[in-house]
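Single-structure report; data block below.
In my numbering, the protein residues as written are 199 to 278.
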């Protein structure tokens, strides 16, 4: 994780902020899970919580978290 994780989180937050400022009604974030790394579900849930907390602080509301093969998709809508 380390610096790569910080860079990816910065990119997600920047994209969320840009989409919010642009007036987009929805925003989709996600990340891939390396199946060879044997990542625990606890680590996956922790990553999901970090992304949701950071993106909701901008003004988005999380509406769904869905697994898709070896990745996780998190969908947000504009907050009221």
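Using N, Cα and C, we set each Cβ at its ideal position, and we do this for glycine too.
Note that the coordinates shown come from a computational prediction; the quantities given were computed from them, not determined experimentally.
Here residue 211 has 252, 253 and 256 as same chain residues with Cβ atoms under 8 angstroms from its own Cβ, once five neighbours each way along the sequence are excluded.
The beta carbon of residue 263 sits closer than 7 angstroms to the beta carbons of 246, 270 and 272 from its chain, once the five residues preceding and following it are set aside; these are given in chain order. In the structure shown, the three-state DSSP call for residue 262 is strand.
For a cut-off of 8 angstroms, the C-beta gap from residue 276 to residue 258 is around 7 angstroms, short enough to register as a contact. Residue pairing of residue 226 in beta bridges, as defined by DSSP: 273.
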